[in-house]
Amino acid sequence: MQPTPEQSPHHAYPDHWEADVVLRDGGTARIGPITPDDAGRLVSFFEQVSDESKYYRFFAPYPRLSDRDVHRFTHHDYVDRVGLAATVGGEFIATVRFDRIDDRGRPASAPADEAEVAFLVQDAHQGRGVASVLLEHIAAVARERGIRRFAAEVLPANTKMIKVFRDAGYTQQRSFEDGSVHLTLDIEPTAESLAVQRAREQRAEARSVQRLMAPASVAVVGTGRAPGGVGRTVLRNLRHSGFTGRLYAVNHAFAPEQAGVDGVPAHRSVGSIGEPVDLAVLAVPAERVPEAVADCGEHGVRGLVVLSADYAERGAEGRERQRALLRQARSYGMRIIGPNAFGVINTSDAVRMNASLAPESPAPGRIGLFTQSGAIGIALLSGLHRRGAALSTFISAGNRADISGNDFLQYWFDDPDTDVALLYLESLGNPRKFTRLARRTAAVKPVVVVKGARHSGATPPGHAVPVSRIPDATVSALMRQAGVILVNTVTEMIDAALLLADQPLPAGPRVAILGNSESLGLLTYDACLTEGLRPRPPRDLTTAAGPADFRVALAEALADPACDAVIVTAIPLVGGEGELQSGDGEVLAAALHEAVAARTAGPAKPVAVVHLEIGGLAQALAATAGTRPPEAAPRGDRIPGHPAPDTDPAVTPSSRPASGTAATRPPAPERTPASVPPPAAGSSVEPGAHTPAPTGRIPAYPAAERAVRALSESVKYAQWRRQAAAPGRVPEFLDDTIDEPGTAAFIDALLGPDPDPRGRPLGHDEARGLLGRYGIDVRATLPAPDADAAVAAAALLGWPVALKTTAPHLRHRADLGGVRLDLAGENALRRAYGELTELLGKPAELQPVVQSMAPRGVDTVVRASIDAAAGAVLSFGLAGTPSELLGDIAHRLVPATDRDAAELIRSIRAAPVLFGWRGSSPVDTRALEELLLRVSRLVDDHPEVVSVTLEPVVVATQGLTVLGASVRLAPPPARTDLGPRRLPNY
């Protein structure tokens, strides 16, 4: 949109202020700047606001807007006067505006940094959190325009508006003047305001998913008139799953007199149903989807599952069609699963919904499954069913134009029906948000991820998301830092899920192994060592052992305080004459269950079974009902409509509600990882962790390696949970040696008033000056354009010295002869200079420098870089070709804590070199940890520092020396995680 004549061309329409947001009740709204073209919508909006709300806004009766009012409220300069509106269905539902003022409250321009703010919300939309989200956005706009404080006058009776300001988390002051409450808010983000924002985000996004997963009514749009076809298949699956709500079949081609399809009421449009519809499943060709979306949106449908294909997976034209679908759905306040989706399943007794193409619903259980691939979703459903696992929810999101894995992490976080979250992902639209949500969810329940398309170098077809420059190895490391259990295959995902869903978390890595085969026990023992576990010598019960022997041995192992987990290995039982015993699987399973059930004292321990060709054993171990008692769910209010596992809602298809009352579930109160208490003495993990019922399922595996790998992941996750209960911190001593304001001024001077968006590298002296302000001392170098200059530089720096080339192709390449060390005198330096130039090229090409020698130690590399999608990442490894070839580099998200820094240097495979390998002296890892924290603080405090490389960093037995540094500055990328809530638009 072009600016009007009254608007300065320098401040044209700011389209980056537009945003789609999720409201408290799970619906969506569009936020954008108000323009002169909005005059009609503004007048219509004002007419629908009650007299009371108008009085609260204007402090006097204000029945209608005058022409002057309309002009004033729609003409803005987007600097000193700004207005934003929230819209649904193209109509205003709320407005907010600010006017810059001086210290006397009069209209002003920059550099005045205060503004008066005022809201007006349509009465029908009050209580949906509209004002709260508008405050976030208008505050972000104000900060962008140099405003630091908001002033507001509120009538004492307007308690809702006072609460909006009070609960925002900003630093504020209140006073009572002339019959009104005067509020002043410092709108700089605080830890409290960010926590408030993220808590609201979680509740809203979880609610938006809940509206799709627990609808009271479903319409299948595109139900075929004849059997077969996608729509008819989904309708059949909904019927057969025993869906507890109302079903409708919709097809514009139905004859007017057609009353039903397979016993389900038939309608030619959603509008003709005449009753509320919560969810619509679209199974129509892509060209007819816009018509169907409009029909749904205009008649109050809350969400869509779009099975239709031919979208972003079909190229540029399909991507534009997908964007148009998203815009259209959000304009009506609806969210979308899909397009090109396989469907959704909710096994809760209160819902029993199979709105997918899967012919059978899985058994009700405690595992939530999200997949971006329909084919992988089918494979996972089949594999979980075959292994006896049961699900709470299943989602196959297809192109996931809107609802993604992030949304389901928000939903599962406090869903009492889900104890384990499984995600198959092929792309991450917002890696920074994913790691944040995964960390919070993993603090209360396991999150298991398989990442597909890791090495393709491109986004999979249909996934219209930003491409991150960060290598997959880095993304994997960041996921593990967030507590994600990252596995390589869907088989490993199922293996891990079975153990995590049905067994407690282990207190440590000590494993007892028992069984009737010495060879299978030894294979299990070796697998444990390979996975980093601490196995005890296998206990061989001999091939003559019977079920009673297994029961006694397992009971003893569970009672042994020297072990944390038990693996039972079994081969077919052999009779006295060498024949295999029939029915031994069921008998052995019963014996193992008895041993587990008899364990009543001490910490619970996980049990896994490895068996070879024992018929019926796996099925018998998995057949026992009940995998988790009600109290094992994360603490919080149970969501209405989802009864406790020991209750029976007695809802059948014949008792579906006749009214439009939806079986909805408001989210439970927000919880944060900080609320998870530390582990109790002697317990395996903190309270609220897995506490399976005594008769819970015992997972069985056909190979020792698979069982041990699953157990290893459980051990590492349990350790992460214990550490997450007491997170690290940034040491306060850093504050005394860091000049944050001086660094900001220095960076501004280096970038200049009109910085190149591509950024600029810093020279050696500039980099030293910048890093020095954060207590990072880089050893000086002096140029050596000839031998005489080299000798003069050495005399100035002090002998012995190093002679190094700084040409980009030779930097840090000692293996190519570009570095000569320990030059103790003039003759040695001149000789080295001559050899260097003779071997590698002329001085002008080599750009040699002289540097004083550092104490001997281990050469390491410290890096930090900023990716627009993932954020700032801190990396560490040993210097040299082997580490680069092997990819032996560790990564952590910034800001890093003292615990992160300590883990970072210990997580590389070559870490023993730092701690006295083969009799060498340990180096000063504390100094190295401090350096990592300083680099982390630098890039966190100053996002203009987009890249830092310190190489080499020589770590000696006491202290360290930074011998080389490169820094790159650029205008900072947008920090979407710190800005106001908004839905992505890809």
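My numbering numbers the first residue of the sequence shown as 238 and each following residue consecutively. No residue lacks a Cβ here, since even glycine has one placed at the ideal position from N, Cα and C.
Count the CB pairs spanning the segment 522 to 531 and the segment 282 to 295 that are closer than 8 Å, and state whether there are at least three.
-> no
Note down the Cα distance separating residue 1099 from residue 1085, rounded to an integer number of angstroms.
-> 23 Å
Quick one: what's got a C-beta closer than 7 Å to residue 426's C-beta in the same chain, skipping five residues either side?
-> 1215
Simplified DSSP assignment, three categories, for residue 285 = coil
CB-CB length for residue 803 against residue 795, believed under 8 Å | 6 Å
Give the secondary structure of residue 930 by DSSP, where H, G and I count as helix, E and B as strand, and everything else as coil.
-> Caution is warranted here: a pLDDT of 39 is assigned to residue 930, below 50, making its placement in the model unreliable, and no coordinate value can be reported.
Please classify residue 667: is it buried, with 16 or more other beta-carbons within 10 angstroms of its beta-carbon, or exposed?
-> buried
Distance between residue 358 and residue 325 (C-alpha atoms, nearest Å) | 13 Å
Starting from residue 1164, follow the beta strand (DSSP E) in both directions and report where the run begins and ends.
-> Careful: residue 1164 lies outside any beta strand (DSSP E), inside the alpha helix (DSSP H) at 1162 to 1178.
Measuring CA to CA, which of 632, 617, 634 is closest to residue 626?
-> 617
Please classify residue 492: is it buried, with 16 or more other beta-carbons within 10 angstroms of its beta-carbon, or exposed?
-> exposed
Use the C-beta contact count for residue 885: other C-beta atoms within 10 angstroms, 16 or more gives buried, fewer gives exposed.
-> For residue 885, the pLDDT reaches just 34, beneath the cut-off of 50, and the residue's location in the model is therefore unreliable, leaving the point undetermined.
Sequence-distant residues of the same chain with beta carbon closer than 8 Å to residue 1174, five excluded per side | 967, 971, 975, 1011, 1132
Which value, in whole angstroms, describes the spacing of the CA atoms of residue 758 and residue 643?
-> 41 Å
In this structure, does DSSP put residue 1064 in helix, strand or coil?
-> helix
Roughly how many angstroms lie between the CA atoms of residue 1114 and residue 1057, to the nearest whole one?
-> 23 Å
Within the chosen definition, does the segment 1017 to 1029 reach the segment 1078 to 1096 through at least 3 CB pairs nearer than 8 Å?
-> yes
For the beta strand (DSSP E) containing residue 374, list its first residue and its last residue.
-> Residue 374 -> not in any beta strand (DSSP E); alpha helix (DSSP H) instead, spanning 367 to 381.
Where do the N-terminal and C-terminal ends of the beta strand (DSSP E) with residue 390 fall, by residue?
-> 386 to 391
Residue range of the beta strand (DSSP E) that residue 503 falls in?
-> 501 to 504
Do residue 608 and residue 629 have their C-beta atoms within less than 8 Å of each other?
-> no
Sequence-distant residues of the same chain with beta carbon closer than 7 Å to residue 1035, five excluded per side | 1089
Assuming residue 591 and residue 585 form a contact by the criterion Cβ under 8 Å, report the distance between their Cβ atoms to the nearest whole angstrom.
-> Going by Cβ atoms, the distance from residue 591 to residue 585 rounds to 12 Å, so no, they are not a contact pair.
Give the range of the alpha helix (DSSP H) segment to which residue 730 is assigned.
-> 727 to 739
What three-state label does DSSP hand residue 667 in the structure shown?
-> coil
Is it true that the CB of residue 1218 sits closer than 8 Å to the CB of residue 434?
-> yes
Look up residue 562 in the DSSP assignment and say whether it is helix, strand or coil.
-> helix
Answer with buried or exposed for residue 1195, where buried requires no fewer than 16 other C-beta atoms within 10 angstroms of its C-beta.
-> exposed
Tell me which same chain residues have a C-beta within less than 6 Å of the C-beta of residue 676, skipping the five on either side of it?
-> 719, 720
Would you mind working out which of 1007, 825, 269, 990 sits nearest residue 980, comparing C-alpha positions?
-> 1007
Spatially closest choice to residue 431 from 1121, 846, 376, by CA coordinates | 376
Hey, out of 944, 793, 1190, 568, whose CA is closest to residue 838's CA?
-> 793
Contact between the segment 467 to 485 and the segment 442 to 458 (3+ Cβ pairs under 8 Å) = yes
Answer with buried or exposed for residue 864, where buried requires no fewer than 16 other C-beta atoms within 10 angstroms of its C-beta.
-> Low per-residue confidence applies at residue 864: pLDDT is 38, beneath 50, and the placement is therefore not dependable enough to give any value.
Residue range of the alpha helix (DSSP H) that includes residue 483 | Note, residue 483: premise wrong, no alpha helix (DSSP H); beta strand (DSSP E) at 483 to 487.
Assign residue 440 to buried or exposed, taking buried as 16 or more other Cβ atoms, counted over all protein chains shown, within 10 Å of its Cβ.
-> buried
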